[in-house]
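**Student:** Sequential numbering from 28 applies to the sequence shown in this note's numbering.
Positions of the beta carbon are idealized from the N, C-alpha and C atoms, including for glycine.
Nothing here was measured: the structure is a model prediction, and the numbers come from that model.
I have a structure here, written as structure tokens, and I will follow up with some questions on it.
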Amino acid sequence: MITTKEMRILEINSEAFGVPTLLLMENAGRSVWEEIKKRFPDISGKVIYVFAGVGGKGGDGLVTARHLAGDKAKVIIFILGENKHQDAVFNMNAITEMDYSIKIVTIKDPEELKPVKGDILVDAMLGTGFHGKPREPFRTAIKVFNDSQGFKVSIDLPSGIDPDTGEAPGDYVKPDLVVTFHDIKAGLTKYNFETVVKKIGIPPEAEVFGGPGEIIMNVKKKAIKSKKGDNGRVLVIGGSYTFSGAPSLAGLAALRTGADLVYVAAPEETAFTIASYSPDIIAVKLSGKNLNPKNLEELKPWIDRADSIVIGPGLGLQEETIEAVKEIYEYLHKNNKRAVIDADALKSLAGYKLYNNVVITPHAGEFKIFFNIQPPENYEERIKTVMEKAREANCTVLLKGYFDVISDGKRFKLNKTGNPGMTVGGTGDTLAGIVGTLLAQNIDPFDAAVTGAVINGLAGALAYEKYGDRILPTDIILEIPNVIKDPLSAFKKKVYKRVLQ
Numbered sequence: 028m029i030t031t032k033e034m035r036i037l038e039i040n041s042e043a044f045g046v047p048t049l050l051l052m053e054n055a056g057r058s059v060w061e062e063i064k065k066r067f068p069d070i071s072g073k074v075i076y077v078f079a080g081v082g083g084k085g086g087d088g089l090v091t092a093r094h095l096a097g098d099k100a101k102v103i104i105f106i107l108g109e110n111k112h113q114d115a116v117f118n119m120n121a122i123t124e125m126d127y128s129i130k131i132v133t134i135k136d137p138e139e140l141k142p143v144k145g146d147i148l149v150d151a152m153l154g155t156g157f158h159g160k161p162r163e164p165f166r167t168a169i170k171v172f173n174d175s176q177g178f179k180v181s182i183d184l185p186s187g188i189d190p191d192t193g194e195a196p197g198d199y200v201k202p203d204l205v206v207t208f209h210d211i212k213a214g215l216t217k218y219n220f221e222t223v224v225k226k227i228g229i230p231p232e233a234e235v236f237g238g239p240g241e242i243i244m245n246v247k248k249k250a251i252k253s254k255k256g257d258n259g260r261v262l263v264i265g266g267s268y269t270f271s272g273a274p275s276l277a278g279l280a281a282l283r284t285g286a287d288l289v290y291v292a293a294p295e296e297t298a299f300t301i302a303s304y305s306p307d308i309i310a311v312k313l314s315g316k317n318l319n320p321k322n323l324e325e326l327k328p329w330i331d332r333a334d335s336i337v338i339g340p341g342l343g344l345q346e347e348t349i350e351a352v353k354e355i356y357e358y359l360h361k362n363n364k365r366a367v368i369d370a371d372a373l374k375s376l377a378g379y380k381l382y383n384n385v386v387i388t389p390h391a392g393e394f395k396i397f398f399n400i401q402p403p404e405n406y407e408e409r410i411k412t413v414m415e416k417a418r419e420a421n422c423t424v425l426l427k428g429y430f431d432v433i434s435d436g437k438r439f440k441l442n443k444t445g446n447p448g449m450t451v452g453g454t455g456d457t458l459a460g461i462v463g464t465l466l467a468q469n470i471d472p473f474d475a476a477v478t479g480a481v482i483n484g485l486a487g488a489l490a491y492e493k494y495g496d497r498i499l500p501t502d503i504i505l506e507i508p509n510v511i512k513d514p515l516s517a518f519k520k521k522v523y524k525r526v527l528q
């Protein structure tokens, strides 16, 4: 079973991995034709009506029509609006050249639609982008389709049915057959239509690896009427008498990912240093040279106002700091705060069972400290181990490595973006800041972890393209907006090929 969002991610990632959506559309339309042929082996001379909408499903219908016409069926297409979908336009151009074998009827007024008598009717009207009640001309077209004579086939799912919920507050197509693609749509499970699932060439890598699809479908543009704070408030708790750079990098990465407000809470002297790095960061000065239990009362109002917390960068492992981390964690847990637990904070909480709004971002050494087990080198075993430990800890685990492994215990994804230049210190802090912002924007923790890993890796790739393998974490931070603006282009510029052994 698959949701609309998950399917769209797969389609975008397929494009990124070299299988264009135009080919997926061709395979989809062809698979509908194949299923029709199974039920009507000789369709020569049969009258077939295709009701074509304005999105990708309409394009699938045009491909189906082309193949049916190739079998000498008498094909009539009702065009129910101007289709601006790039792949559908390509197929429409092909269809318009087939004026000998296909009759095209452009519907300009719903009143032009009347029930027809055919051998086969193909519903290519409303697809996975549909929600709510059908509007004209589709409301009338659905009624006419249902009232017409012929074997009725719906492409992907019946028009008028919500693809995710199965709700149909208005009219919907009642088909004899549904030909759906890749996996059954969640909304279809509420109905007893005869349904066939057809594979359309989506490569397994599009499901296994995170890619541009996660960025496009999860990271939204700021709304035109949004105000300060609507796009997330992130609190970074980090730094110590020795370390000031790590929390600063996390904070700057959070800002570049789109958070409206980023606070970095650090011991007083360290906070002054952090404030000097950038006027963009709001430095919160905590009493003491290092994080200590007394700081919790100072932190509570900042934690309460933040949408997500990043805790760990540069904290150190002083005894008072370890105790403070444990007390802060309990407050986060009590308030079910979305949080990224990284670096020294992760070490301080070794062995803890966490909660499902937490993402932890260990490298192999930190994973061993936290879970008391070394992650296996073999990737099948590594994935299995990460899934088991994520389930035990009740959180999302982002295990950093040559391939990042991300799991919430129920599912997993890998990330293969990145390059050798990202071994420089600080790239884990940028990752924590990116994920922190995505959590603050109310993105599911697993999706935030996968998306954050891909953004960080692609930003590293763009930096690598400019500077080679002598990049800095600040170079990565500057590339984050370029990745979010055009993730497909960034993905195509991968400068370091990774092979999964």
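The alpha helix (DSSP H) that contains Val59, what's its start and end?
**Tutor:** Counting from one through the sequence shown, the residue named residue 59 turns up at place 32. Note, Val59: alpha helix (DSSP H), 48-66.
**Student:** Kindly indicate which three-state DSSP category Ile537 falls into: helix, strand or coil?
**Tutor:** With the chain covering 28 to 528 only, the question about residue 537 has no answer from this structure.
**Student:** Pick out whichever of Ile368, Ala79, Lys255 has its Cα sitting closest to the Cα of Ile169.
**Tutor:** Along the sequence shown, read from residue 1 onward, the residue named residue 169 stands at position 142. Out of Ile368, Ala79, Lys255, Ala79 has the C-alpha closest to the C-alpha of Ile169.
**Student:** Compare the Cα-Cα distances from Gly392 to each of Asn405, Lys443, Asp371 and report the closest residue.
**Tutor:** By one-based count along the sequence shown, residue 392 stands at place 365. For Gly392, the nearest C-alpha among the options comes from Asp371.
**Student:** Taking 7 Å as the limit between beta carbons, can you name the residues of its chain near Gly343, skipping five residues before and five after?
**Tutor:** The residue given as residue 343 occupies position 316 in the sequence shown. So the qualifying residues of the chain are Ser267, Thr269, Phe270, Asn317, Asp371.
**Student:** Report all residues from its chain with a CB closer than 7 Å to the CB of Met244; omit the five preceding and five following residues, and keep chain order.
**Tutor:** One-based indexing of the sequence shown puts residue 244 at position 217. These residues qualify, in order along the chain: Lys32, Arg35, Ile36.
**Student:** Going by alpha carbons, who is nearest to Gly452 out of Gly272, Phe299, Ala333, Gly495?
**Tutor:** Counted from its first residue, the sequence shown places residue 452 at position 425. Closest by alpha carbon: Gly272.
**Student:** In the DSSP assignment, find the alpha helix (DSSP H) that holds Val413 and state where it starts and stops.
**Tutor:** On the sequence shown, residue 413 is found 386 positions in, with the first residue counted as 1. Where Val413 is concerned, the enclosing alpha helix (DSSP H) stretches over 406-420.
**Student:** Could you name the residues that DSSP lists as bridge partners for Phe473?
**Tutor:** One-based indexing of the sequence shown puts residue 473 at position 446. Its beta-bridge partners do not exist; DSSP assigns none.
**Student:** Quick one: what's got a C-beta closer than 7 Å to Leu569's C-beta in the same chain, skipping five residues either side?
**Tutor:** Any property of residue 569 remains undetermined from this structure, which presents the chain solely from 28 to 528.
**Student:** What residue from Val462, Leu89, Gln176 has the CA that sits closest to Val132's CA?
**Tutor:** Locating residue 132 in the sequence shown gives position 105, where the first residue counts as 1. The shortest C-alpha separation from Val132 is found at Leu89.
**Student:** I'd like the list of long-range same chain contacts for Thr454, defined as Cβ closer than 8 Å, with 5 residues on each side in sequence excluded.
**Tutor:** The residue you call residue 454 lines up with position 427 of the sequence shown. Around Thr454: Asn483, Gly487, Pro500, Ile503.
**Student:** What does Val200 pair with, by DSSP beta-bridge criteria?
**Tutor:** Counted from its first residue, the sequence shown places residue 200 at position 173. Bridge partners of Val200: none, in fact.
**Student:** Note down, in chain order, each residue of its chain lying with its Cβ closer than 7 Å to the Cβ of Ile301, except the 5 sequence neighbours on either side.
**Tutor:** Translated into positions along the sequence shown, residue 301 becomes position 274. Excluding sequence neighbours, Ile301 sits near Gly266, Ser271, Pro274, Ser275, Val291, Ala293, Ile308, Ala310.
**Student:** Specify, as a first and last residue, the run of the alpha helix (DSSP H) that Arg35 falls within.
**Tutor:** Here residue 35 refers to the residue found at position 8 of the sequence shown. Segment 31-43, the alpha helix (DSSP H) holding Arg35.
**Student:** Could you pull the start and end residues of the alpha helix (DSSP H) that Val143 belongs to?
**Tutor:** As a working mapping, residue 143 is identified with position 116 in the sequence shown. No alpha helix (DSSP H) contains Val143, which DSSP labels as neither H nor E.
**Student:** I'd like to check one pair, Asp210 with Ser181: are the Cβ atoms closer than 8 Å?
**Tutor:** Taking the first residue of the sequence shown as 1, we reach residue 181 at position 154. Taking the first residue of the sequence shown as 1, we reach residue 210 at position 183. Not in contact: Ser181 and Asp210 (Cβ atoms no closer than 8 Å).
**Student:** Beta-carbon within less than 7 Å of Val432's beta-carbon, same chain only, minus the 5 sequence neighbours each way: which residues are those?
**Tutor:** Residue numbering aside, residue 432 sits at position 405 when the sequence shown is read from its first letter. The answer, listed in chain order, is Arg409, Ile410, Val413, Leu426, Phe439, Leu441.
**Student:** Hey, which unbroken runs of the beta strand (DSSP E) at 3 residues or more fall wholly within the region 330-390?
**Tutor:** Correct list: 335-338, 365-368, 385-387.
**Student:** Am I right that Lys217 and Gly193 are in contact with their C-beta atoms under 8 Å? What's the rounded C-beta distance?
**Tutor:** Against the sequence shown, residue 217 aligns to sequence position 190. Against the sequence shown, residue 193 aligns to sequence position 166. That belief holds up - the Cβ atoms of Lys217 and Gly193 are roughly 3 Å apart, short of 8 Å.
**Student:** Could you tell me if His112 is buried or exposed, where buried requires 16 or more neighbouring beta carbons within 10 angstroms of its beta carbon?
**Tutor:** Within the sequence shown, the letter at position 85 stands for residue 112. With 16 or more Cβ atoms within 10 Å of its Cβ, His112 is classed as buried.
**Student:** Can we count Val451 as close to the ligand GTP, meaning its CB is less than 7 Å from some heavy atom?
**Tutor:** With respect to the ligand GTP, the structure shown offers nothing to examine, as it has no ligands at all.
**Student:** Which word fits Ile106, buried or exposed, when buried means at least 16 other C-beta atoms lie within 10 angstroms of its C-beta?
**Tutor:** The residue given as residue 106 occupies position 79 in the sequence shown. Flag for Ile106 reads buried.
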